[in-house]
Every structure is written in structure tokens, then in C-alpha cells.
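Its first residue numbered 13, the sequence shown is counted upward by one per residue in the working numbering.
Since the structure comes first, as C-alpha cells, the remarks are kept for the end.
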Amino acid sequence: MSEKLILVVDDSPTDRQIAVSACQAKGYRVESAAEGEEALRKALDLKPDLILLDVILPQKNGFQVCRQLKSSPETQAIKIIMVTSKSQDSDRFWGIKQGADGYLTKPFSESELHELIAQTI
Numbered sequence: 013m014s015e016k017l018i019l020v021v022d023d024s025p026t027d028r029q030i031a032v033s034a035c036q037a038k039g040y041r042v043e044s045a046a047e048g049e050e051a052l053r054k055a056l057d058l059k060p061d062l063i064l065l066d067v068i069l070p071q072k073n074g075f076q077v078c079r080q081l082k083s084s085p086e087t088q089a090i091k092i093i094m095v096t097s098k099s100q101d102s103d104r105f106w107g108i109k110q111g112a113d114g115y116l117t118k119p120f121s122e123s124e125l126h127e128l129i130a131q132t133i
């Protein structure tokens, strides 16, 4: 069993649960958040190894959350994979530009998610 902690951030309860279950199936410890401000608080408190971060979120969007986490010395080492329905090349470019370590578009297969997590942490 892995001791790695993953924070899943998605405002959709269904999408959040899919990602949580997929991570737990691989033995990761998992916490979750439903919006941007909560994600920032939990990232600071928990210092997860990885954040799976949706782009379209209430309060602060995923791009803003990613940029804020990567610009803070306390959280800049946390790996971030954007997990979103925003599938345009410009969205992917912008996510990476904000500091994301990976980008996965919805819908995704569990094996795609597992592979990207393994490559990232």
C-alpha cells in the first residue's frame, strides 16, 4: 500500500467520486475538495503528494488554484494534474503554463488516470 496522499478537487460529486475510487483502488490515501478555496486550504494543511484538479470550480478556478499553489514556497513542490473537460490545445497549454505537471481530459479511463499518476509521483 502506498502512503502517498492525493487531493481530488472537483465540484461534481460524481466526477469527484470516480477519481477518489480510482485512487483508492491503487492504495493511495485520498482527501477531496469541492471548490477552489477549499482546495487551497487543504493543500496548505495536508501537503498532499499530488492534486487532481478540475478547471471549472466555484470561487477560484483550477488555473488560479494551480498558479497560487505553484507560486508559494510552502506548496510549490506539490504535483498537480489538471483533470478537466476543457480539451482544447489552448486549455492544455494554459494549464501547463500555470505550473501543472500533467493534463488529463474527461472522460478518462481508470488506466489512463493510473498511468498519469504513476508518471507524476
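Backbone N, C-alpha and C fix where the C-beta goes; we use that ideal spot for every residue, glycine too.
Note that this is a predicted model, so its numbers are computed, not measured.
Can you say whether residue i is buried or exposed, counting buried as having 16 or more other CB atoms within 10 angstroms of its CB?
i, result
"G39", "exposed"
"D113", "buried"
"A130", "exposed"
"Y100", "Correcting the residue identity first, residue 100 is Gln in this sequence and not Tyr. Q100 is exposed by the Cβ-count criterion."
"T96", "buried"
"K59", "exposed"
From the DSSP output, in three-state form, read off residue i for me.
i, result
"V77", "helix"
"S24", "coil"
Determine the direct distance from the alpha carbon of residue j to that of residue i, and round the result to whole angstroms.
i, j, result
"G65", "A37", "Strictly speaking, residue 65 in this sequence is Leu, with Gly absent from that position. Each residue's alpha carbon lies about 19 Å from the other."
"Q88", "D57", "14 Å"
"H126", "I108", "19 Å"
"L19", "A55", "8 Å"
"E28", "K118", "This sequence places Arg at residue 28; Glu is not what is there. R28 and K118: Cα-Cα distance of roughly 12 Å."
"G111", "I92", "8 Å"
Restricting to runs no shorter than 4 residues, where is the alpha helix (DSSP H) found entirely within the segment 47 to 132? Complete alpha helix (DSSP H) runs here, min 4: 48 to 58, 74 to 83, 101 to 109 and 122 to 132.
If you pair each beta-carbon of the segment 41 to 60 with each one of the segment 98 to 113, do three or more pairs fall below 8 Å? Short answer: they don't touch.
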